[in-house]
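Student: Dropping the structure in here first, questions after.
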Amino acid sequence: MKRILLLLALIPATLAAKQQGLQITPQPREVQMGKGSFNARGAGFNYSAGLEERSVTAIARLADDISAATGKMSSVAIAAVVKPDAQASDLKGIYFLEDKSLPEENYRIEIARKGVKVTASGHNGFFYAVQTLRQMLPAGVYKGKGGGGWRLPCCTITDGPRFAYRGMHLDPARHFWSVEETKKYLDVMAMYKLNRFHWHLTDDQGWRIEIKSRPELTEKGAFRSGTQKGFDFGSSDGVRYGGYYTREQIKEVVEYAWERGITVIPEVDLPGHMLGALASYPNLGCTGGPYEVWTRWGVSKDVLCAGSEETFAFLKDVLDELCELFPSEYIHIGGDECPKDRWKECPRCQARADELALVSDEKGTREQKLQNYVTARIQRYLAGKGRRIIGWDEILEGDLQPGATIMSWRGTRGGIEAAKRGFDAIMAPNTYCYFDYAQSADTDKEPASIIRARKERAVTLEKIYGYEPLEGLPEEARGHILGVQANLWTEYISTPEHLEYMLLPRLLALSEVQWCPAEKRDFARFHEALTEHQEEVLELLGYNFRRE
Ligand code: ACM
Ligand code: ZN
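Residues in the sequence shown are numbered consecutively from 25, following the numbering used here.
Right under this line is the structure:
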């Protein structure tokens, strides 16, 4: 007996945590294990009267799922007044209490034998505490399914994110994703504490957002006459393809995300990647068209005419409605891959460049500076509406006005340069964060991906997990890195099963890069939580994912 006790005493804290079911992803900042456990079956849920309705909804959902899974009802009610210094051991049941001293998005969970005390200062903190509690229970809780023990080990969890911006992107332009599919995407983001959804709503292959004042965008621009077959750029399957989100659907997605602590950042990619718009309104292009919604992938030379006032009138119409639909402070204006071929030949673009006295010099070419002019005009217009711009790292070339935020996609270089020059940046380097790249160098065994057979470009689970966003940045520039995002472009992805496969489980690794301090990251620990708990959760929820 003595020997057994001695052995038990030697079990390291992490192992003890694991045995008690703490396989939480992303790993909380601090966990102190105690003795004993709390029985969640039939536990009453109580919340401060001041909590937001969306927080109460999340709490009630957990109570409902525990009730369904255990067959014993958990009540949900406004808490009687609780002394601010009450300990979990003073309480009976689970309490969600406001503590305004906690930083935004942080939370604390104290679990004693009879009582649980959860504190946070706002919605995201409470929402994340609920996600953590859910992850401490058997996987069946996600589906209200029985089985397993319903005891929460006594412990204290103090948690909060490393980065304020924890993003995931989705491209519905190349292939369209229904509202239901988008919600399922948001669900898994929310489970792992991501808080920004970057929605790439327009591109050469389709315009996907209803704009009342410009109806042809969705009548024409949302549909293409076919889609290229595989990697054969000259081919088309000849099958009409398209779709768009109505204003009501957009509002529904924004609201759904907001309930889950996620801000939707819409992207209207400009001035390139605009064939969806040009096919609808050919007067917006330098040549006047005709243009077609593209049936192939790649970068089109046809872009918005920078010399025409009609372009700016069009963009104002679009941005006005975009701002009505999306409360996000940030609006993504794209700015990537804008060939300057047409601008060099266009009399209106050249007249504009003359008027602005643009010249090529060491800072950039005359046409790059014309793009700077477009960016600055849009930035100013949005600033008048209280909004800020995010742009792909190309907008750094030439001149950029203060206040813009850079999204670094061509590796980490753009983000590093931006931060050094005093701009905020979001790191989304293709080298680590492009989820349209294969998950394994064994590309033959993987579904189609944009890297084809270029094995060295694979973004494996371990690769994304090992990404350190502040690497290469001097101390004084580090504060400009707002966070990290992964991008999921969908040229070669046309089914929800394939989409989910590309997303998962890499999203879980991404969540630890976004949430955990560098010194807390440990691939072996992460991997164990994935294979021993999280995979079961994903399976129960009906996600398709790459198995480890
Ligand atoms: C991009 O991948 N063109 C931003
Ligand atoms: Zn032009």
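Every residue gets a Cβ at the ideal spot worked out from N, C-alpha and C, and that includes glycine.
Let me confirm a value: N130 is counted as buried when at least 16 other C-beta atoms fall within 10 Å, else exposed. Which label applies?
Tutor: What you label residue 130 is simply residue 106 of the sequence shown in a count that begins at 1. Looking at its Cβ environment, which holds 16 or more other Cβ atoms inside 10 Å, N130 is buried.
Student: Regarding W201 and the ligand ACM, is the C-beta to nearest heavy atom distance less than 7 Å?
Tutor: Locating residue 201 in the sequence shown gives position 177, counting from the first residue. No, since every heavy atom of the ligand ACM falls outside the 7 Å radius drawn around the Cβ of W201.
Student: Leaving out five residues before and five after L346 in sequence, what residues of the same chain have Cβ atoms less than 7 Å from its Cβ?
Tutor: As a first step, residue 346 must be located in the sequence shown, where it is residue number 322. Contacts found: P290, V292, I355.
Student: Can D227 be considered in contact with the ligand ACM, in the sense that its beta carbon sits closer than 7 Å to one or more heavy atoms?
Tutor: As a working note, residue 227 is residue 203 in the sequence shown. Checking the Cβ of D227 against the ligand ACM gives no.
Student: Residues near the ligand ZN, CB to any non-hydrogen atom under 7 Å, in chain order?
Tutor: Going by the Cβ distance cut-off, the answer is C310, C329, A330, G331, S332, R366, W367, C370, R372, C373.
Student: Please report the distance separating the alpha-carbon of W416 from that of I450.
Tutor: Reading the sequence shown from its first residue, position 392 is the one you call residue 416. Reading the sequence shown from its first residue, position 426 is the one you call residue 450. So the alpha carbons of these two residues sit roughly 10 Å apart.
Student: If you run the structure through DSSP and keep just helix, strand and coil, what is M213?
Tutor: The residue you call residue 213 lines up with position 189 of the sequence shown. M213: helix per DSSP, three-state reduction.
Student: Tell me which same chain residues have a C-beta within less than 7 Å of the C-beta of P36, skipping the five on either side of it?
Tutor: Counting from 1 along the sequence shown, the entry for residue 36 is found at position 12. Since pLDDT at P36 reaches only 43, below the 50 mark, its modelled position is unreliable, and the value read off the structure follows with that caveat. Nothing meets the Cβ criterion.
Student: Just to confirm the assignment, what range does the alpha helix (DSSP H) spanning Y456 have?
Tutor: Working through the sequence shown from its first residue, we reach residue 456 at position 432. Element bounds for Y456: 454 to 457.
Student: Which same chain residues end up closer than 8 Å to E572 when comparing Cβ atoms and leaving out the 5 residues on each side of it in sequence?
Tutor: For the purposes of this step, residue 572 is identified with residue 548 of the sequence shown, where counting begins at 1. Same-chain partners within the cutoff: L485, P529, H551, L554, T555, E559.
Student: Could you have a look at H297 and say whether DSSP puts it in helix, strand or coil?
Tutor: Numbered from 1 along the sequence shown, position 273 holds the residue referred to as residue 297. Looking at H297 - three-state DSSP - the assignment turns out to be coil, as it is neither helix nor strand.
Student: When you measure from the CB of D360 to every non-hydrogen atom of the ligand ACM, does any distance come out below 7 Å?
Tutor: Residue mapping note: residue 360 aligns to position 336 of the sequence shown, counting from 1. Correct: D360 has its Cβ closer than 7 Å to the ligand ACM.
Student: So, for L339: in the same chain, excluding its five sequence neighbours on each side, which residues have a beta-carbon less than 7 Å away from its beta-carbon?
Tutor: Locating residue 339 in the sequence shown gives position 315, counting from the first residue. Counting only Cβ-Cβ distances below 7 Å, and skipping sequence neighbours, we find L294, I402.
Student: Quick check: what's the CA-CA separation for H222 versus E470?
Tutor: For the purposes of this step, residue 222 is taken as residue 198 along the sequence shown, with counting starting at 1. For the purposes of this step, residue 470 is taken as residue 446 along the sequence shown, with counting starting at 1. Going by the C-alpha atoms only, they are around 26 Å apart.
Student: Under the assumption that D183 contacts T156 (Cβ atoms under 8 Å), give the Cβ distance between them as a whole number of angstroms.
Tutor: Here residue 183 refers to the residue found at position 159 when the sequence shown is read from its first residue. Here residue 156 refers to the residue found at position 132 when the sequence shown is read from its first residue. Yes, D183 and T156 are in contact; Cβ-Cβ is about 7 Å, under 8 Å.
Student: Do you know offhand how far W433's Cα is from N63's?
Tutor: Along the sequence shown, one-based indexing puts residue 433 at 409. Along the sequence shown, one-based indexing puts residue 63 at 39. The straight-line gap from Cα to Cα measures roughly 47 Å.
Student: I'd like to confirm something about W318: is its beta-carbon nearer than 7 Å to some heavy atom of the ligand ACM, or not?
Tutor: Walking along the sequence shown from the start, residue 318 turns up at place 294. Result no, Cβ not under 7 Å from the ligand ACM.
Student: Grouping DSSP H, G and I as helix and E and B as strand, with all else coil, what is H557?
Tutor: The sequence position of residue 557 within the sequence shown is 533, counting from 1. Here H557 sits in helix by DSSP.
Student: Within the continuous beta strand (DSSP E) that includes W416, where are the two ends?
Tutor: Sequence index remark: in the sequence shown, residue 416 carries index 392 (1-based). Element bounds for W416: 412 to 416.
Student: Could you give the first and the last residue of the continuous beta strand (DSSP E) run that contains V140?
Tutor: Within the sequence shown, numbered from 1, the residue matching residue 140 stands at position 116. Counting along the chain, the beta strand (DSSP E) containing V140 begins and ends at 139 to 144.
Student: Give me the DSSP bridge partner(s) of R220.
Tutor: For the purposes of this step, residue 220 is identified with residue 196 of the sequence shown, where counting begins at 1. According to DSSP, R220 bridges with G191, T287.
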